[in-house]
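Heads up, the sequence shown is in the numbering used here, so the first residue is 1 and it goes up one at a time. Take a look at the structure set out below.
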Amino acid sequence: MTAAEIRSTAPRQTGMKGLAGALAFLCLVLFLLAIEQKQAVAAWQAIRDDAAPAAVRVAGWAGRLPSGEADGLTGLRAVLADDGNPMVAASTDAVLAGEFGPADDAARAALGGAAFAGAMVRFDTGESFRTTPLRIAAGREHFVFGQTFADRLEAPADAQIELRRVISVTRGDPAKSSALCGGETPGLIALLHRRDRVDLMLFRAAARPGPDAPVAALCGAWRLKAR
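The structure is reproduced here in structure tokens:
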């Protein structure tokens with residue numbers, strides 16, 4: 001082989017080596033993504049659930065700016081205030097507030113009625129739940145296998161269902177069991193507020209609502225009306 005031929009093949013060999021190295025690196029990345037897929041999905045779900053409520057609250061704060069009711073940076077800090085979770089604030093600025101009585105015999109027997117004040121939900125039976133916002137669910141979403149919020153609550157598919165975590169009334173203590181969950185610990189409240197009516201659903205802490213959740217994840221659903 002002449003010197004000229006050697007010089008002409010050298011760039012092609014270098015290019016092939018570079019391509020082989022790039023393909024090897026790509027295969028390694030795909031392999032790592034495959035074995036870490038479950039962990040990555042879990043991490044994304046945690047970030048989504050925790051970050052979404054904060055984004056909703058900031059949007060609401062920004063929407064009050066033209067009327068001068070957002071209190072500037074002080075208002076923004078209040079919207080993002082921490083309450084035991086670094087990414088989820090207590091719902092002290094919740095729209096839902098006031099006292100509601102039972103709309104039917106089932107609610108009268110189980111709850112008696114409910115009062116909503118910021119993060120607290122108090123029932124006439126004497127039980128109290130302290131809550132923190134989780135996210136807004138659409139009516140079309142499944143809360144257990146085969147059942148959507150819209151079907152259960154007789155609501156539109158695009159209805160906005162407020163989901164709140166149930167946390168301990170006393171900060172630092174574990175959440176207590178409740179008679180409303182058959183003596184088990186409640187983990188989540190779902191609320192649909194329609195004018196003078198509130199639909200309340202309570203879920204066990206042991207089962208997160210979703211399309212694969214068992215029917216037993218739901219402790220109960222009750223209807224309330226403004227007093």
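Where is the CB? At the ideal position from N, CA and C, for every residue including glycine. All of these numbers come straight from a predicted model, not from anything done at the bench.
Ordered along the chain, which non-local residues of its own chain (more than five positions away) have a Cβ less than 6 angstroms from that of residue i?
i      : result
Leu153 : Leu192, Asp199
Val215 : Val144
Ala226 : Phe100, Asp196
Arg108 : Pro102
Ala157 : Gly139, Arg140, Ala150
In whole angstroms, what separates the C-alpha of residue i from that of residue j?
i      : j      : result
Ala213 : Cys181 : 16 angstroms
Ala52  : Leu163 : In this prediction, Ala52 scores a pLDDT of 47, lower than 50, which makes its location untrustworthy; no coordinate-derived value is stated.
Gly146 : Thr185 : 24 angstroms
Pro66  : Arg165 : Low per-residue confidence applies at Pro66: pLDDT is 48, beneath 50, and the placement is therefore not dependable, though the value from the model is reported in the following sentence. The alpha-carbon atoms of Pro66 and Arg165 are separated by roughly 32 angstroms.
Gln160 : Ala138 : 5 angstroms
Pro209 : His142 : 8 angstroms
Ala90  : Thr132 : Its pLDDT being 36, under 50, Ala90 is placed unreliably in this model, and the value from its coordinates should be taken loosely. Approximately 5 angstroms between the Cα atoms of the pair.
Gly232 : Asp151 : Given that the chain is displayed from residue 1 to residue 227, the structure contains no residue 232 and the question cannot be resolved.
Arg194 : Ser168 : 27 angstroms
Ala155 : Val121 : 23 angstroms
Cβ of residue i within 9 angstroms of Cβ of residue j?
i      : j      : result
Thr148 : Arg140 : yes
Ala205 : Gly220 : no
Ala97  : Gly113 : no
Phe123 : Ile189 : no
By Cβ distance, which residues of its chain are closer than 8 angstroms to residue i, with the 5 residues on each side in sequence left out?
i      : result
Ala179 : Thr125, Glu127
Leu224 : Phe100, Gly101, Pro102, Ala103, Ala107, Leu111, Gly113, Ala114, Arg197, Val198, Asp199, Leu200
Ala175 : Val166, Ile167, Ser168, Thr185, Pro186, Gly187, Ala205
Taking the continuous beta strand (DSSP E) assigned at residue i, which residues delimit it?
i      : result
Phe145 : No beta strand (DSSP E) holds Phe145; DSSP gives it neither H nor E.
Arg195 : Careful: Arg195 lies outside any beta strand (DSSP E) and carries neither H nor E.
Arg165 : 160-167
Gly98  : 98-102
Lys176 : Lys176 -> no beta strand (DSSP E), and no H or E assigned at all.
Cys181 : Looking at the DSSP string, Cys181 is not in any beta strand (DSSP E), and its letter there is neither H nor E.
Gly220 : 218-226
With respect to the alpha helix (DSSP H) encompassing residue i, which residues constitute its N-terminal and C-terminal limits?
i      : result
Arg108 : 105-110
Got a sec? Which residues, its chain only, sit under 7 angstroms from residue i by beta carbon, not counting five neighbours each side?
i      : result
Ala217 : Val144, Phe203, Arg204, Ala207, Pro209
Gly183 : Ser177
Pro211 : His142, Phe145
Trp222 : Ala106, Ala107, Ala110, Leu111, Leu200
With 9 angstroms set as the bound, which would you pick, yes or no: does the beta-carbon of residue i sit closer than that to a beta-carbon of chain B?
i      : result
Arg195 : Of the chains in the structure shown, none is chain B; there is only one protein chain.
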